[in-house]
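For what it's worth, our numbering labels the leading residue of the sequence shown as 3, then goes sequentially. Ideal Cβ positions, reconstructed from N, Cα and C, are used throughout, including at glycine.
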Amino acid sequence: MTTKIYFSTNQLGHVTNEQLQLMLNRFNLGRLVSAQKTSKGVGNQTLFVDTDSGRYVLKGNPLYAEQLIEEKFYVEHLLKYTSLPVSSPYLVDESADIFGWSYAIMHRLEGVHRNAPIYRAESSEPDRREIAAISAKILNEMHTWKVEQYGELEPMTGTIRPFEGSYKKWLYNRIGFWLDDAKQYSVISPSDMKWVEEVLSDSEQAFDR
């Protein structure tokens with residue numbers, strides 16, 4: 003995703019059934035049955051949409067230009083390199099004639115959010131261990147996806163723009179940014195700062211590689 007830091011989101015706002023049907027018509031996804039806001043959607047940018055042809059998720063009013071193109075890029079590559087269930091196809095409409103903003107529509111995946119009360123109430127210790135093992139397996143699969151150049155994605159071309167300087171320089175600057183930001187919410191002592199500096203110093207050789 004973009005490396006630019008945002009502290010706010012654009013919410014969907016009011017969406018009418020007529021607008022939703024126009025969207026469904028554009029992608030031949032059937033007749034609208036119902037729609038409801040998601041309880042766990044990131045930044046209130048998502049909406050569950052059920053039709054007579056299936057169950058979908060609308061994501062719209064992106065926070066920055068090409069957000070949805072970036073997400074489509076990652077969905078397609080996760081599908082290629084991992085066994086992770088992903089919402090594919092990830093259909094993007096960059097026109098704003100229906101909602102006033104661009105949007106993506108994708109199949110709704112089955113399952114329960116891990117923060118849902120039913121998950122916490124009914125999952126056993128063996129269940130949680132199995133989920134942790136599967137998560138580790140998927141993470142390992144994700145690390146098989148490698149590119150020749152580290153940097154930031156150029157969404158429209160699918161190429162990587164190198165960071166200025168080195169990856170270590172970019173990463174250490176980012177860690178410093180979040181450490182300074184943390185001072186607004188917690189006491190960061192001189193010993194804390196010293197500990198971070200020591201960890202970063204000890205890690206330099208690995209990140210240079």
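Check, Outcome
"Should residue 151 go down as buried or exposed, given a rule of 16 or more other Cβ atoms within 10 Å for buried?", "exposed"
"Could you check where the beta strand (DSSP E) with residue 39 kicks off and where it finishes?", "34 to 39"
"Assign residue 101 to buried or exposed, taking buried as 16 or more other Cβ atoms, counted over all protein chains shown, within 10 Å of its Cβ.", "buried"
"Please give the ranges of any beta strand (DSSP E) in the segment 49 to 81, keeping only runs that are unbroken, at least 3 residues long and fully inside the region.", "56 to 62"
"Note the first and the last residue of the continuous beta strand (DSSP E) segment covering residue 187.", "Here residue 187 belongs to no beta strand (DSSP E), and DSSP marks it neither H nor E."
"Helix, strand or coil for residue 120? Go by DSSP, reduced to three states.", "helix"
"Is the number of C-beta pairs between the segment 184 to 194 and the segment 154 to 164 that are closer than 8 Å three or more?", "no"
"Starting from residue 129, trace the alpha helix (DSSP H) in both directions and tell me its first and last residue.", "127 to 144"
"Counting only runs of 3+ residues fully inside the segment 87 to 117, write out the beta strand (DSSP E) ranges in chain order.", "93 to 95 and 105 to 109"
"Just checking my contact of residue 62 with residue 103 at CB under 8 Å: how many whole Å lie between their CB atoms?", "6 Å"
"Write down the C-beta distance between residue 51 and residue 108 rounded to the nearest angstrom, noting that I regard them as a contact closer than 8 Å.", "Actually they do not touch by this definition, with Cβ atoms about 10 Å apart."
"Our contact map puts residue 140 next to residue 86 with C-beta atoms below 8 Å; I'd like the distance itself, whole angstroms only.", "5 Å"
"Compare the beta carbon distance of residue 38 and residue 13 with 9 Å and say whether it is the shorter of the two.", "no"
"Using only CA atoms, which one of 70, 147, 113 and 164 lies nearest to residue 57?", "113"
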